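What follows is one structure encoded as structure tokens, with my remarks underneath.
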Amino acid sequence: MNNNRTIPYGFVQGTYWMSFAVLMGFSSVYLLGVGFTSAQIGILTALACVFSALSQPLVAGYADSPTSPSLKKIVLGLVGSQLLFVVLLPLVRDSLVLTGLLYGTAIALLQLLLPLVNSLATETINQGREISFGLCRGIGSAAYALMAYFMGQVQEKWGVVSIPICVCIILLALLGAIVSFPFEKSVRPQAKKNSAGGTGYLWKKYPRFCILLLGFVLIYMSHTLLNNFTFQIVEHIGGGSGEMGVAMALCAVLEVPAMLCFGLLLKRKKVEFWVRMCSVFFALKAFLTLLTTSIPVFYAVQVLQPFGWGIMSVSSVFYVNAIMEPGDAIKGQAYITMTLTLGTVLSAVAGGQLIDNLGVTAMLTFGTAVAILGAGINLFSTQKTD
Numbered sequence: 052m053n054n055n056r057t058i059p060y061g062f063v064q065g066t067y068w069m070s071f072a073v074l075m076g077f078s079s080v081y082l083l084g085v086g087f088t089s090a091q092i093g094i095l096t097a098l099a100c101v102f103s104a105l106s107q108p109l110v111a112g113y114a115d116s117p118t119s120p121s122l123k124k125i126v127l128g129l130v131g132s133q134l135l136f137v138v139l140l141p142l143v144r145d146s147l148v149l150t151g152l153l154y155g156t157a158i159a160l161l162q163l164l165l166p167l168v169n170s171l172a173t174e175t176i177n178q179g180r181e182i183s184f185g186l187c188r189g190i191g192s193a194a195y196a197l198m199a200y201f202m203g204q205v206q207e208k209w210g211v212v213s214i215p216i217c218v219c220i221i222l223l224a225l226l227g228a229i230v231s232f233p234f235e236k237s238v239r240p241q242a243k244k245n246s247a248g249g250t251g252y253l254w255k256k257y258p259r260f261c262i263l264l265l266g267f268v269l270i271y272m273s274h275t276l277l278n279n280f281t282f283q284i285v286e287h288i289g290g291g292s293g294e295m296g297v298a299m300a301l302c303a304v305l306e307v308p309a310m311l312c313f314g315l316l317l318k319r320k321k322v323e324f325w326v327r328m329c330s331v332f333f334a335l336k337a338f339l340t341l342l343t344t345s346i347p348v349f350y351a352v353q354v355l356q357p358f359g360w361g362i363m364s365v366s367s368v369f370y371v372n373a374i375m376e377p378g379d380a381i382k383g384q385a386y387i388t389m390t391l392t393l394g395t396v397l398s399a400v401a402g403g404q405l406i407d408n409l410g411v412t413a414m415l416t417f418g419t420a421v422a423i424l425g426a427g428i429n430l431f432s433t434q435k436t437d
């Protein structure tokens, strides 16, 4: 048991995804509540994610460097900075500019943390310790589900001021989880060589992976259209923030079995099969959401969540480890997360504009089209693994 890091890492995943549920999942609720329009929310989210996307390869390359602080210290610094920005949010509610600056920076740091949190696990596993990543990621989704449901009820009762307060409490818990997680920096002579090659190094060495990244961007673009504008979608079919919280919780609960069982799935089929399969289910969920006209049907569509995001969130981590050399691991995880970030950027800009100018149906039609295109690219570009 001394060699097993599953329980402490489960706390890290759980608290991280709780913060994601509130800060990202309820971003539209908070920002609409303080005076932003859907288009402005889209632009703000896009700018935050552009900053995160540009920073991710740089931070990952820095973390790979033999002379950098440990990955644990880098994560602690980012979470501490995020907490500072969120603490200030209630104090600047009357200023859209300051609110946008603080909330946008908090979103950027949230996105920036994801590949580093995942790399805490892969680095620990590479050092010979045991972590059940699927179980821990399942804990993250279960925590997301509970937090989304709880936040939906709390926000309806206490208003948008409850959102930054809850985020602050969660971030303090995340800091505690990271501090208590046993971690030592890996020493890899190859890391210095690889990071010196920069971004072009990975593009030359893994060409099919780079094509796959485009497919991921399009799929995640559709995925984040559904997630970041859930409030507007639910309102469109007759619901409110309570129904939004239920839908978010339902999605997260349904993800858990797929994540917990992913080790067993890998025994049946190799990881590339699951990457292809879940890409198709992303497109299917977007299409069925487009056809949804009531809250009960919207809830029913969420049963596709484990076959899309549930499997993708785990399989993408394993896929990168399968096709890349150890010295490229953190950078590879960063590029996968960067596709999620870029997808969020594009969906934020397009989604806000489409909703304000053409309505929710137009936004969902667009999301379905890009998901189908992304799934097609992934079916072609996903490569065989050993």
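To convert, count from 1 in the sequence shown and add 51; that's my numbering. From the three backbone atoms N, C-alpha and C, an ideal C-beta is built for every residue, glycine too. Here the structure is a predicted model, which means the values were calculated and not measured.
Whether residue i touches residue j by CB criterion (8 Å)
i, j, result
"T419", "S330", "no"
"L335", "L415", "no"
"S192", "M310", "yes"
"Q206", "F77", "yes"
"F332", "F369", "no"
"I406", "L269", "no"
"L171", "V63", "yes"
"T96", "A399", "yes"
"G203", "G65", "no"
"N54", "R180", "yes"
"T433", "L263", "yes"
"I346", "G290", "yes"
"T281", "G394", "no"
"T150", "L160", "no"
"A194", "M69", "yes"
"A196", "V285", "no"
"V352", "T344", "no"
"L223", "L134", "yes"
Alpha-carbon to alpha-carbon, residue j and residue i
i, j, result
"N245", "P233", "Note that N245 has pLDDT 45, beneath the 50 cutoff, so the model's placement of it is unreliable and the number below is only indicative. Cα to Cα, N245 sits roughly 26 Å from P233."
"L10", "L142", "An answer regarding residue 10 cannot be provided, because it is not within the stretch 52 to 437 covered by the chain."
"V80", "S89", "10 Å"
"L165", "L424", "25 Å"
"K321", "T436", "7 Å"
"V348", "G403", "24 Å"
"Y200", "W360", "19 Å"
"I220", "F431", "44 Å"
"A426", "G296", "28 Å"
"F136", "C217", "14 Å"
"V168", "I374", "20 Å"
"A247", "Y271", "In this prediction, A247 has a pLDDT of 42, which is less than 50 and means its spatial position is unreliable; what the coordinates show is noted afterwards. Going by the C-alpha atoms only, they are around 29 Å apart."
"C187", "G61", "4 Å"
"I214", "V73", "7 Å"
"Y350", "L225", "30 Å"
"C261", "S366", "17 Å"
"F313", "I92", "35 Å"
"V354", "C302", "7 Å"
"A463", "A337", "What the structure shows of the chain is the stretch from 52 to 437, and residue 463 is not part of that stretch, so it cannot be assessed."
"E323", "S364", "13 Å"
"G210", "V307", "29 Å"
"Q356", "M198", "17 Å"
"A298", "I288", "13 Å"
"M178", "Y257", "Checking the sequence shown, residue 178 turns out to be Gln, not Met. Cα to Cα, Q178 sits roughly 25 Å from Y257."
"N408", "N279", "17 Å"
"F417", "G185", "32 Å"
"F267", "V371", "13 Å"
"S132", "I158", "12 Å"
"G98", "V396", "Per the sequence shown, the amino acid found at residue 98 is Leu instead of Gly. L98 and V396: Cα-Cα distance of roughly 7 Å."
Top-ranked residue by Cα proximity to residue i, from the options
i, options, result
"T388", "P108, N54, F62, G86", "P108"
"V230", "F282, G84, V126", "V126"
"T173", "P357, F282, N408, K382", "K382"
"Y154", "A111, C100, L186, M202", "C100"
"S183", "V400, P59, S345, S398", "P59"
"V110", "V396, T395, G394, A385", "A385"
"S106", "A399, L129, L263", "L129"
"Q162", "F338, A337, F71", "F71"
"V212", "S345, I158, R144, T395", "R144"
"K124", "K255, S146, M198, E235", "E235"
"K255", "N408, D379, A298, T390", "D379"
"I94", "N408, L83, A401", "A401"
"I362", "W325, L397, V352, N372", "W325"
"L82", "F417, S121, V148", "V148"
"Y67", "T390, G189, F267", "G189"
Whole-angstrom C-beta distance between residue j and residue i, which should lie under 8 Å
i, j, result
"T392", "S103", "5 Å"
"T175", "R327", "With 8 Å as the limit, T175 and R327 do not qualify as a contact, their Cβ atoms being about 28 Å apart."
"Y113", "S121", "Not confirmed; about 12 Å, so no contact."
Curious, which full-length alpha helix (DSSP H) runs of at least 4 residues does the stretch 181-211 contain?
-> Listed in chain order, the complete alpha helix (DSSP H) runs (minimum 4 residues) inside the stretch 181-211 are 184-209.
In the stretch 303-366, which residue ranges form an unbroken alpha helix (DSSP H) of at least 4 residues, counting only runs that do not cross its ends?
-> 313-319, 322-342, 346-352
Go through the stretch 73-146 residue by residue and report every complete run of the alpha helix (DSSP H) that reaches 4 residues or more, in order.
-> 78-84, 89-115, 122-139
List in chain order: all unbroken alpha helix (DSSP H) runs of 4+ residues lying wholly within the stretch 368-435.
-> 380-408, 411-432
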